[in-house]
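Student: Below is a structure I'd like to ask you about.
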Amino acid sequence: MQCVAALKEELLLLKDQVDCSNVIIVPSSESWNPIAAVVIKSLMMPATIIPSKVDIRIPVPNLYAFAVSCNAGFIWTELRECINESPVPVPFCTPVDTKILDIQQPYYVDVRENRSALLGSFSICVTPEVTSHRFAHTPLQDLVRHLLGYLESPTAAVRMEIEKSQEVLRRNDCGPSTLLRLAHLYEGIREYAAALTVVEEGLRMYPAAPWLLRKHRHLKIILDPHGLR
Amino acid sequence: MEKQQRLVEEHEGFEDRISRTVLWMSPEIHGRLSQAKLLVVGCGGTGSLLAVAAAFLGFKSITICDGDTLEASNLNRFVYATPADAGQSKAKLIQSYIKSHVPEVVVDVLADPFPSQATLTLVINQPVIVAGCVDDVRVRVELDVMCRRFGRTLVDLGTGFAVEEDGRIVGSGGQVLISRPQGPCLMCLGFPQLFNENDYFAGSDHAPQPSLLLLNTIVSSLALDCLLKEVSESTPREVNVVRYSRDQMTLSPERGGRYPSCRICGDFSASYLRSVLPSD
């Protein structure tokens, strides 16, 4: 059940406000979710990002603009950030595999209908900060603005978030979700050992926390894929 | 001739079977129930109980929408099946049970998971009242949007356990929410925000949640009573939430309000809703 009225308004603004060559609609066969994705062609990236232009495909979720906004895009080149003239992977620009698609399939008609086209892509995700306990819709043009803002200096942005989370921890004001978030941020900049340390500390405090247990398993596999240690 | 005789006997049998119900609910309300068309979306732990009880109560036209098949782990709460039924369609098992026990009731099955074109066609073309018996919060909100789009009332039910972040179960119970076309929607009545699976488009597998016949029986009966009251137009209009707390042993009727900025039921929701499945 997508809100087509909202999408129509936003697409007009998107074309006006974003530096790109074209915006294309990918239709779907579901009459209640008629738009599978919006493709922004040759979107200009910030100066530190390689490549300088990308096509980004934004999947439109079920319940778009009624209860959920877009928050992710697919691209077909891994984004890299130039730090001190050497390119490093952009945090949270992650390869799309079958496991991710299986999980997201119920929520995105694009994944249901165009699964094979999405395999082999990378996902990049930005969730604008939520300031209200109620749903506040983020229009497409704002999502793209947030994404480009993040890509100005993504590694530094994640490090700043890590600082903030550690400050929360120092205030002793943390539950499992703060610890999980910190571990996730470390994972984003590929500091897996630091992520594991955070999770293990969390499990000492909250031994039954299901999300921490899951993250622990996940990180163990990344750090020791063959179970040799 | 034989067929006609059988129909007469069946009808007389039906009248006998419902005589005690009609003594309570009055022939007029019974007549309304007989005319009503009930759509049950989800035929798991609560939907199966609700559909069967609705047939026994007097609903004569029931459509069950569910694409799932029965698994062994369902059998602690799916009482109209035996272990030998594993692998069968849940909706068809309930259809078969109702047909054999209350043969006057017409039961149809939509075997695709909601949302599907078949369900939409039914909701668009038939004046159904809808019972939402699914677990997934997003699917429940989708059902709510669809019902509002076509002016149908949705009675949504859910049971569950309050689980702390550290995994401790700290409470249990359920609730019935009545989402009327002109009233507050499920989101305004207290559904949580529907964040995307997580912030980074990378998901995680869902762990199995506890589920009990004990809670399902209470809450599905409560929902059926709400459906009956809606059909008989006897619900106090200000009530749209009924909460059951097992821990407090309470049932609390409540009145939830709508938020003016809500896109599903707020001040400007009509134009947004019209753009779902536009008729032009």
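So the sequences go chain by chain: Z and E.
Oh and the first sequence: position 33 is 33 in this note's numbering, straight run, nothing missing.
Oh and the second sequence: position 11 is 11 in this note's numbering, straight run, nothing missing.
Every residue, glycine too, gets a C-beta built ideally from N, C-alpha and C.
#1: When the cut-off is 8 Å and only beta carbons count, does Glu238/E lie next to chain Z?
#2: Can you give the Cα-Cα distance for Tyr80/E and Glu201/Z, rounded to whole angstroms?
#3: Write down every uninterrupted run of the beta strand (DSSP E) in the segment 92 to 171 of chain Z whose length is 3 residues or greater and which is fully enclosed by it, in chain order.
#4: Report all residues from its chain with a CB closer than 7 Å to the CB of Asp199/E; omit the five preceding and five following residues, and keep chain order.
#5: Does DSSP put Ala131/E in a helix, a strand or coil?
#6: Which residue wins for smallest C-alpha separation from Ala118/E, given the options Arg17/E, Cys188/E, Gly256/E and Ile64/E?
#7: Got a sec: is the Cβ-Cβ distance from Val41/E to anything in chain Z below 8 Å?
#8: Strictly by DSSP, which residues pair up with Gly174/E?
#9: Terminal residues of the continuous alpha helix (DSSP H) containing Arg138/E?
#10: Quick one: is Ser165/Z buried, meaning 16 or more other Cβ sit within 10 Å of its Cβ, or exposed?
#11: Just to confirm before moving on: does the CB-CB distance between Phe66/Z and Tyr272/E stay below 8 Å?
#12: What residues from chain Z crowd round Ile264/E, counting only those whose CB sits closer than 8 Å?
#13: Helix, strand or coil for Ile98/E? Go by DSSP, reduced to three states.
#14: Can you name, in chain order, every residue of its own chain whose Cβ lies under 6 Å from the Cβ of Leu213/Z, other than the five neighbours on each side?
#15: For Leu101/Z and Ser220/E, I'd like the C-alpha separation in whole angstroms.
#16: If the criterion is Cβ atoms closer than 8 Å, does the pair Lys99/E and Cys43/E meet it?
#17: Whose C-beta lies closer than 8 Å to the C-beta of Asn240/E among residues of the same chain, with five residues either side of it excluded?
#18: Please work out which residues of its chain come closer than 7 Å, Cβ to Cβ, to Phe201/E, disregarding the five sequence neighbours upstream and downstream, and give them in chain order.
#19: Using CA atoms only, rank isn't needed, just tell me which of Arg246/E, Pro260/E, Asp144/E and Thr46/E is closest to Ala162/E.
#20: Would you please verify whether the beta carbon of Asn172/Z is less than 8 Å from any beta carbon of chain A?
#21: Can you tell me whether Tyr259/E is helix, strand or coil according to DSSP?
#22: May I have the straight-line CA-CA distance separating Val109/E from Asp66/E, to the nearest angstrom?
#23: What separation, rounded to the nearest whole angstrom, lies between the Cα atoms of Ser19/E and Ile218/E?
#24: Could you tell me which chain Z residues have their CB closer than 7 Å to the CB of Arg17/E, listed as they occur along the chain?
#25: How about Leu228/E and Val128/E: are their beta carbons less than 8 Å apart?
#26: Straight-line CA distance for Ser42/Z to Leu140/Z?
#27: Using a beta-carbon distance cut-off of less than 8 Å, what residues from the segment 128 to 160 of chain Z approach chain E?
#28: Would you identify the three-state DSSP class for Asn22/Z, choosing helix, strand or coil?
#29: Measure the alpha-carbon distance for Asp144/E versus Glu71/E and round it to whole angstroms.
#30: DSSP on Gly73/Z, reduced to helix/strand/coil?
#31: Can you have a look at Arg57/Z and say buried or exposed, based on whether 16 or more other CB atoms are within 10 angstroms of its CB?
#32: So, for Pro115/E: in the same chain, excluding its five sequence neighbours on each side, which residues have a beta-carbon less than 7 Å away from its beta-carbon?
#33: In angstroms with no decimal places, state the Cα-to-Cα distance between Tyr64/Z and Gly73/Z.
#34: May I ask you to list, following chain order, the residues of the segment 2 to 24 of chain Z that have a beta carbon less than 9 Å from some beta carbon of chain E?
#35: If you draw a straight line from the C-alpha of Glu238/E to the C-alpha of Ile264/E, how long is it?
#36: Just to confirm before moving on: does the CB-CB distance between Ala36/E and Phe59/E stay below 8 Å?
Tutor: With the structure as the only source:
#1: By 1-based counting over the second sequence, the position of residue 238/E is 238. Glu238/E does not count as touching chain Z.
#2: Within the second sequence, numbered from 1, the residue matching residue 80/E stands at position 80. Within the first sequence, numbered from 1, the residue matching residue 201/Z stands at position 201. Approximately 47 Å, taken between the alpha carbons.
#3: 93 to 95 and 122 to 125
#4: Translated into positions along the second sequence, residue 199/E becomes position 199. The predicted position of Asp199/E is uncertain, since its pLDDT is 36 and thus under 50; a value taken from the coordinates is nonetheless stated next. If we look at Asp199/E and ignore the five residues flanking it on each side, it has no Cβ neighbours.
#5: Start at 1 with the first residue of the second sequence, and residue 131/E comes out as number 131. Note: Ala131/E maps to strand in three-state DSSP.
#6: Taking the first residue of the second sequence as position 1, residue 118/E is located at position 118. Among Arg17/E, Cys188/E, Gly256/E and Ile64/E, the Cα nearest to that of Ala118/E is on Ile64/E.
#7: For the purposes of this step, residue 41/E is taken as the residue at position 41 of the second sequence. With 8 Å as the cut-off, Val41/E does not count as an interface residue toward chain Z.
#8: Working through the second sequence from its first residue, we reach residue 174/E at position 174. Partner(s): Thr159/E and Tyr244/E.
#9: As a first step, residue 138/E is located in the second sequence; it is residue number 138 there, counting from the start. From DSSP, the alpha helix (DSSP H) with Arg138/E extends over Val137 to Arg149.
#10: For the purposes of this step, residue 165/Z is identified with residue 165 of the first sequence, where counting begins at 1. Flag for Ser165/Z reads buried.
#11: Counted from its first residue, the first sequence places residue 66/Z at position 66. Counted from its first residue, the second sequence places residue 272/E at position 272. In contact: Phe66/Z and Tyr272/E (Cβ atoms closer than 8 Å).
#12: Sequence index remark: in the second sequence, residue 264/E carries index 264 (1-based). Ordered by position in chain Z, the residues that pass the 8 Å Cβ test against Ile264/E are Phe66 and Ala67.
#13: Along the second sequence, one-based indexing puts residue 98/E at 98. Three-state DSSP puts Ile98/E in a helix.
#14: If you number the first sequence from 1, residue 213/Z lands on position 213. If we look at Leu213/Z and ignore the five residues flanking it on each side, it has no Cβ neighbours.
#15: Position 101 of the first sequence holds residue 101/Z. Position 220 of the second sequence holds residue 220/E. Rounded to the nearest angstrom, the two C-alpha atoms are 34 Å apart.
#16: For this step, residue 99/E is matched to residue 99 along the second sequence. For this step, residue 43/E is matched to residue 43 along the second sequence. Cβ distance not < 8 Å, so Lys99/E and Cys43/E don't count as in contact.
#17: Along the second sequence, read from residue 1 onward, the residue named residue 240/E stands at position 240. So the list reads Leu177, Ile178, Ser179, Arg180, Gly183, Pro184, Leu189, Glu254, Arg255 and Gly256, once near-sequence residues are dropped.
#18: Against the second sequence, residue 201/E aligns to sequence position 201. A caution first: Phe201/E carries a pLDDT of 35, below 50, which makes its placement in the model too unreliable to give a value.
#19: Taking the second sequence and counting its residues from 1, one reaches residue 162/E at position 162. Residue Arg246/E is the option with its Cα nearest to Ala162/E.
#20: The question asks about chain A, but that chain is absent: this structure's protein chains are Z and E.
#21: One-based indexing of the second sequence puts residue 259/E at position 259. The answer is coil: DSSP assigns Tyr259/E none of H, G, I, E or B.
#22: In the second sequence, residue 109/E corresponds to position 109, counting from 1. In the second sequence, residue 66/E corresponds to position 66, counting from 1. Computed Cα separation, rounded: 8 Å.
#23: Locating residue 19/E in the second sequence gives position 19, where the first residue counts as 1. Locating residue 218/E in the second sequence gives position 218, where the first residue counts as 1. The straight-line gap from Cα to Cα measures roughly 24 Å.
#24: Numbered from its first residue, the second sequence carries residue 17/E at position 17. Within chain Z, no residue comes near Arg17/E; the closest Cβ sits about 40 Å away, beyond 7 Å.
#25: Sequence index remark: in the second sequence, residue 228/E carries index 228 (1-based). Sequence index remark: in the second sequence, residue 128/E carries index 128 (1-based). Cβ distance not < 8 Å, so Leu228/E and Val128/E don't count as in contact.
#26: Walking along the first sequence from the start, residue 42/Z turns up at place 42. Walking along the first sequence from the start, residue 140/Z turns up at place 140. Between Ser42/Z and Leu140/Z, the C-alpha separation is close to 16 Å.
#27: Val130, His133, Arg134, Phe135 and His137
#28: Taking the first residue of the first sequence as 1, we reach residue 22/Z at position 22. It is a strand residue.
#29: Residue mapping note: residue 144/E aligns to position 144 of the second sequence, counting from 1. Residue mapping note: residue 71/E aligns to position 71 of the second sequence, counting from 1. Asp144/E and Glu71/E: Cα-Cα distance of roughly 28 Å.
#30: Here the question's residue 73/Z lines up with position 73 in the first sequence. Correct three-state label for Gly73/Z: strand.
#31: One-based indexing of the first sequence puts residue 57/Z at position 57. So Arg57/Z ends up on the buried side.
#32: Reading the second sequence from its first residue, position 115 is the one you call residue 115/E. Result list for Pro115/E: Glu142 and Met146, in chain order.
#33: One-based indexing of the first sequence puts residue 64/Z at position 64. One-based indexing of the first sequence puts residue 73/Z at position 73. Whole-angstrom Cα-Cα distance: 15 Å.
#34: Gln2, Cys3, Val4, Ala5, Ala6, Leu7 and Lys8
#35: The sequence position of residue 238/E within the second sequence is 238, counting from 1. The sequence position of residue 264/E within the second sequence is 264, counting from 1. About 19 Å.
#36: Locating residue 36/E in the second sequence gives position 36, where the first residue counts as 1. Locating residue 59/E in the second sequence gives position 59, where the first residue counts as 1. Closer than 8 Å, so yes.
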